[in-house]
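Here is the structure we will look at, set down as structure tokens.
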Amino acid sequence: MKIGIPQSPIRKIPCQLSGFRVKKGGRNLMADTNIFLEVFRPQESELRAYIGAMVRDAHAREDVFQEVSRTLWEKFGTFDATRSFGAWARGVATLKLLEAGRKNARFPLTFPPETIEALQAAFDATESPPGGREEALAECLKSVPEKGRRLLALRYEEDRRGPEIARTLGLSLEAVHKSLSRLRQQLEVCIRRRLEGGPSRENP
Amino acid sequence: MNTTELISKHLDHETTPAEAAELAALLAADPEAAQEFARSVRTDAALRRALAAPVAPVLRTTRWRWAGAAAAAAVVLFSTWALLHRPVEKSAAPVAKKEPVRRIVPPRLRAKSAAQLAKADEGRAMDELEFRHKLAHFFLPKTGTGERMDLNAAMDWLLAQVKEMDHDKDLAGLDWGWKEGDGETPSKTAHPVATNLSDRPLLSALRLLAVQVDADLVLEPPHVLFKPKAGLDQSGELKEVTLLTSPDFLAAYGSSTFSTTSNGAGIVRFVNPASPSGGVKGEPAQSEPKSLYRLDSQGMTYHLGVTKAEKSPGDSLNIKADQVGYLSDSGRELTGNGVFLQPPAFAMWDPSTAELALHATPHDQRVAKALIEEQSGPRETVHIMSKFVSIQAASLPPEWSGRDGWVVNTDEEFQILMTTMSQTRGLNLLTAPSVMTRPGQLAVVNIGQEGKNGIFAGFNPERQGGYLRLRGSASVGGDNTELDVSLAGPQSAVVRIDSGQTDQALFVLLSTRLLSPDGMPVEVLTDDAKRRKR
Numbered sequence: 106m107k108i109g110i111p112q113s114p115i116r117k118i119p120c121q122l123s124g125f126r127v128k129k130g131g132r133n134l135m136a137d138t139n140i141f142l143e144v145f146r147p148q149e150s151e152l153r154a155y156i157g158a159m160v161r162d163a164h165a166r167e168d169v170f171q172e173v174s175r176t177l178w179e180k181f182g183t184f185d186a187t188r189s190f191g192a193w194a195r196g197v198a199t200l201k202l203l204e205a206g207r208k209n210a211r212f213p214l215t216f217p218p219e220t221i222e223a224l225q226a227a228f229d230a231t232e233s234p235p236g237g238r239e240e241a242l243a244e245c246l247k248s249v250p251e252k253g254r255r256l257l258a259l260r261y262e263e264d265r266r267g268p269e270i271a272r273t274l275g276l277s278l279e280a281v282h283k284s285l286s287r288l289r290q291q292l293e294v295c296i297r298r299r300l301e302g303g304p305s306r307e308n309p
Numbered sequence: 143m144n145t146t147e148l149i150s151k152h153l154d155h156e157t158t159p160a161e162a163a164e165l166a167a168l169l170a171a172d173p174e175a176a177q178e179f180a181r182s183v184r185t186d187a188a189l190r191r192a193l194a195a196p197v198a199p200v201l202r203t204t205r206w207r208w209a210g211a212a213a214a215a216a217v218v219l220f221s222t223w224a225l226l227h228r229p230v231e232k233s234a235a236p237v238a239k240k241e242p243v244r245r246i247v248p249p250r251l252r253a254k255s256a257a258q259l260a261k262a263d264e265g266r267a268m269d270e271l272e273f274r275h276k277l278a279h280f281f282l283p284k285t286g287t288g289e290r291m292d293l294n295a296a297m298d299w300l301l302a303q304v305k306e307m308d309h310d311k312d313l314a315g316l317d318w319g320w321k322e323g324d325g326e327t328p329s330k331t332a333h334p335v336a337t338n339l340s341d342r343p344l345l346s347a348l349r350l351l352a353v354q355v356d357a358d359l360v361l362e363p364p365h366v367l368f369k370p371k372a373g374l375d376q377s378g379e380l381k382e383v384t385l386l387t388s389p390d391f392l393a394a395y396g397s398s399t400f401s402t403t404s405n406g407a408g409i410v411r412f413v414n415p416a417s418p419s420g421g422v423k424g425e426p427a428q429s430e431p432k433s434l435y436r437l438d439s440q441g442m443t444y445h446l447g448v449t450k451a452e453k454s455p456g457d458s459l460n461i462k463a464d465q466v467g468y469l470s471d472s473g474r475e476l477t478g479n480g481v482f483l484q485p486p487a488f489a490m491w492d493p494s495t496a497e498l499a500l501h502a503t504p505h506d507q508r509v510a511k512a513l514i515e516e517q518s519g520p521r522e523t524v525h526i527m528s529k530f531v532s533i534q535a536a537s538l539p540p541e542w543s544g545r546d547g548w549v550v551n552t553d554e555e556f557q558i559l560m561t562t563m564s565q566t567r568g569l570n571l572l573t574a575p576s577v578m579t580r581p582g583q584l585a586v587v588n589i590g591q592e593g594k595n596g597i598f599a600g601f602n603p604e605r606q607g608g609y610l611r612l613r614g615s616a617s618v619g620g621d622n623t624e625l626d627v628s629l630a631g632p633q634s635a636v637v638r639i640d641s642g643q644t645d646q647a648l649f650v651l652l653s654t655r656l657l658s659p660d661g662m663p664v665e666v667l668t669d670d671a672k673r674r675k676r
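Sequences listed follow chains B and P, in order.
If you use the working numbering, the first sequence closes out at 309, no skipped numbers anywhere.
If you use the working numbering, the second sequence closes out at 676, no skipped numbers anywhere.
Here it is in structure tokens:
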């Protein structure tokens with residue numbers, strides 16, 4: 106039974122995965138992959154946030170994230186497990202961002218290189234262990250007053266911009282900015298306290 | 143405004159340019175401000191994750207789609223089981239029905255619809271959405287002739303095509319006009335236009351026409367209106383810009399590294415277009431190693447990005463060029479879509495970096511950018527469907543023995559193959575995951591547990607000529623195989639991914655679908671297939 110064409114364009118070369126180290130001594134690639142996923146997944150949203158802060162355009166942001174993820178996967182063999190994976194990932198992301206900015210002057214970077222480098226250091230310095238942040242935020246949100254919740258809902262649930270929120274709530278634009286700023290800051294303090302072990306005494 | 147408020151405004155994308163510059167300087171100079179920024183970004187992202195309304199996940203393209211792959215595996219496993227166990231007709235008639243076209247509402251559209259549904263007074267906006275959806279789903283083989291004409295003539299041509307092909311009367315009454323805008327409505331021949339897009343939605347052609355007449359496209363069903371924009375740079379001054387395109391922007395024209403010698407015999411002639419004196423027969427500007435040269439040779443015109451030029455004995459000139467753009471082709475492609483490059487304006491596309499170097503007026507640059515956006519490959523989605531099967535080596539069908547892989551040309555052949563498989567003793571369908579990605583982006587499938595039966599595969603699809611090429615690797619229990627499969631149209635592929643060292647042979651069956659940004663299938667056809675289709 107003829108089920109295919111003889112001149113197949115398929116090429117098959119047994120080899121290692123491109124750029125992915127298989128260590129001598131029989132270490133299993135699958136094991137490496139699973140380890141990678143274990144450390145990558147908890148850091149994924151953090152990495153997205155970091156890249157998101159540096160790139161204005163959503164498409165470009167997603168492209169950088171994909172590129173950084175691929176590089177992390179490929180270079181995982183060189184990762185020093187005694188270091189923070191998040192810091193390593195941000196380091197790779199910073200290099201990719203700066204490279205993109207160098208190659209294409211129109212690349213929508215939010216900040217100049219020196220600011221990006223300063224921010225990388227700041228993100229590293231303020232890193233907390235992955236996990237727990239979402240739970241802490243959920244707890245902190247419970248104590249946000251009704252007015253604040255409405256403001257957060259308009260901003261995040263409905264993705265409205267400042268002027269629209271101001272019109273809806275009958276506030277000035279400046280008041281909206283100040284309120285959002287205060288809410289975020291209070292939530293941040295509350296999250297930090299919870300992550301550091303103690304219950305939040307602050308009412309955001 | 144204090145630092146916290148400035149950061150907050152930044153997070154809401156509402157800083158003025160002056161505030162943005164102030165923030166950048168502040169963050170670079172003050173580590174405490176930078177740390178506050180970092181914490182705020184984290185809180186903002188967490189709030190977004192916690193509160194943002196979910197969007198339809200269908201087209202959310204992500205490389206790390208393990209969970210999706212597992213869920214899809216269950217669905218496809220069942221459908222494959224059903225397929226394998228259904229009675230097979232003995233006639234030679236096609237066994238399989240074509241898979242129905244899946245209409246997927248793009249997430250952005252759905253999210254917008256949901257928001258608008260909440261506002262009862264915005265019923266007209268829903269109509270506009272529906273209209274936009276129809277325009278985005280109406281594909282024309284050609285959206286124009288590529289000829290230079292005024293907008294009236296171009297729209298007449300376009301609407302005539304639509305009328306002819308709109309069998310379902312989806313776009314009945316479609317008409318066009320001008321809408322009062324900030325800018326002045328152009329006269330009939332103010333901006334010549336052209337579109338020459340193939341296999342693109344009507345909306346894409348309309349957007350491209352709008353940018354050519356310096357207007358926004360406004361949809362007021364059943365009318366499309368061009369609303370002139372003001373404040374655009376209309377100078378005729380030629381400026382240089384490098385635009386990043388999709389890898390297949392002009393892929394059909396190819397490229398090569400070029401090295402040649404001018405011996406003054408009149409076969410090749412080098413002219414430096416940057417030099418008003420007409421440049422340079424045998425004398426390129428050594429101080430400008432990256433300057434662009436035009437090469438006229440045997441009736442073809444090329445642009446060369448020359449990196450090395452030196453005189454050799456005998457007064458000949460050795461040119462080593464690492465960028466070669468085919469001006470006549472890329473120029474034709476651009477001109478056919480409204481970028482009318484008049485010398486000394488030029489375009490050069492480098493396939494190795496997918497960069498388009500343009501020396502053109504601001505207007506032409508705007509049109510080129512719009513063209514790149516409309517033809518941008520990454521906005522398409524690739525749906526890769528796979529089936530992983532294991533067969534006892536001793537039970538391998540003769541056609542499968544000793545083969546690394548082969549292409550299955552039609553759906554019918556694929557069904558016969560599936561039937562053969564179902565009758566093969568000792569065959570196990572391990573799993574059948576599918577994964578979504580975009581051209582140029584890696585899609586990874588991670589199946590099963592660590593160890594002997596663990597399977598891990600990565601595919602990097604790319605449009606190449608008439609094929610969708612899948613390159614990647616598969617690992618079975620740590621034993622790796624590099625894959626390189628090119629598929630066109632309805633083709634599928636069977637690839638052996640194990641080492642052949644065990645008593646179980648492992649194969650992966652691959653098929654792909656290319657989807658437009660609106661979720662519509664896009665046919666990927668070789669030139670032969672296109673001819674046959676015509």
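Just so it is clear, CB atoms sit at the ideal spot from N, CA and C, and this is done for glycine as well.
Hey, quick one: how far does the beta strand (DSSP E) through ILE597 (chain P) stretch, first residue to last? 597–606
May I ask you to list the residues that DSSP assigns as paired with ILE533 (chain P)? P:LEU569 and P:ALA647
Run through the DSSP bridge pairs and tell me what TRP318 (chain P) is partnered with. P:VAL366
If the cut is a Cβ gap below 8 Å, which residues of chain B does GLU161 (chain P) touch? In chain order: nothing, as chain B lies at least about 11 Å away.
Members of the region 234–258 of chain B that neighbour chain P once the beta carbon cut-off is set at 8 Å: ARG238, GLU239, LEU242, ALA243, LEU246, LEU257 and ALA258
Beta strand (DSSP E) containing ARG265 (chain B): first to last residue? ARG265 (chain B) -> no beta strand (DSSP E), and no H or E assigned at all.
Would you report the Cα separation of LEU98 (chain P) and VAL383 (chain P), rounded to the nearest angstrom? Absent from the structure is residue 98 (chain P), since the part of chain P shown begins at 143 and ends at 676.
Just the C-alpha distance for PRO159 (chain P) and ASP358 (chain P), rounded to the nearest angstrom, thanks. 24 Å
Against chain P, does SER189 (chain B) count as a neighbour if the rule is that its beta carbon must be under 7 Å from one of theirs? no
Establish whether the CB of PHE184 (chain B) and some CB of chain P are separated by less than 7 Å. no
Show which residues of chain B have a CB atom less than 7 Å away from the CB atom of LYS151 (chain P). HIS282
Quick one: give me the first and last residue of the beta strand (DSSP E) that THR579 (chain P) is part of. 576–579
Who does PRO343 (chain P) pair with in a DSSP beta bridge? P:PHE281
Name, please, each residue of chain B whose Cβ falls closer than 7 Å to the Cβ of THR146 (chain P). SER286 and GLN290
Quick one: which residues of the region 160–187 of chain P get their C-beta closer than 7 Å to a C-beta of chain B? List them in chain order. ALA166, LEU169, ALA170, PRO173, ALA176, GLN177, PHE179, ALA180, ARG181, SER182, VAL183, ARG184, THR185, ASP186 and ALA187
Any chain P beta carbon closer than 7 Å to LEU224 (chain B): yes
Quick check: what's the CA-CA separation for GLU178 (chain P) versus THR146 (chain P)? 8 Å
Quick one: which chain B residues come within Cβ less than 9 Å of ALA192 (chain P)? GLU239, LEU242, ALA243, LEU246 and TYR261
Indicate whether at least one CB of chain B lies closer than 7 Å to the CB of GLU270 (chain P). no
Using a Cβ-Cβ cutoff of less than 7 Å, which residues in the same chain neighbour SER277 (chain B) once the five nearest sequence positions on both sides are dropped? ALA271
Short Cβ contact (7 Å threshold) for LEU612 (chain P) with VAL636 (chain P): no
Does the CB of GLU219 (chain B) have a neighbour CB from chain P at under 7 Å? yes
Hey, quick one: how far does the alpha helix (DSSP H) through VAL509 (chain P) stretch, first residue to last? 504–517
For ALA234 (chain P), three-class secondary structure by DSSP: For ALA234 (chain P), the predicted structure reports a pLDDT of 32, less than 50, and the residue's modelled location is therefore unreliable. The matter cannot be settled from this model.
Neighbour list for GLU156 (chain P) in chain B, Cβ cutoff strictly below 9 Å: ARG266, GLY267, PRO268, LEU278 and HIS282
Tell me GLY547 (chain P)'s beta-bridge partners as DSSP assigns them. P:VAL637
Look up HIS152 (chain P) in the DSSP assignment and say whether it is helix, strand or coil. helix
Helix, strand or coil: how does DSSP classify GLY740 (chain P) here? Because chain P here runs from 143 to 676, residue 740 (chain P) falls outside it and cannot be looked at.
Does the Cβ of ASP506 (chain P) have 16 or more other Cβ atoms within 10 Å, making it buried, or fewer, making it exposed? buried
Where ASN144 (chain P) falls, given that 16 or more other Cβ within 10 Å makes a residue buried: exposed
Given a threshold of 16 other Cβ atoms within 10 Å of its Cβ, counted over all protein chains shown, does SER640 (chain P) qualify as buried or as exposed? This sequence places Asp at residue 640 (chain P); Ser is not what is there. ASP640 (chain P) comes out buried.
Contact between the region 369–378 of chain P and the region 532–544 of chain P: three or more CB pairs below 8 Å? no
Residues of its chain near ARG260 (chain B), where Cβ-Cβ distance is below 8 Å and the 5 sequence neighbours each way are ignored: ILE270 and LEU285
Under 8 Å Cβ to Cβ from THR215 (chain B), same chain only, skipping five residues before and after it: list those, please. ALA158, MET159, VAL160 and ARG161
So what does ILE526 (chain P) bridge to, in DSSP terms? P:VAL577 and P:THR654
Against GLY157 (chain B), what residues of chain P qualify as contacts under a CB-to-CB distance less than 8 Å, listed in chain order? VAL183 and ALA187
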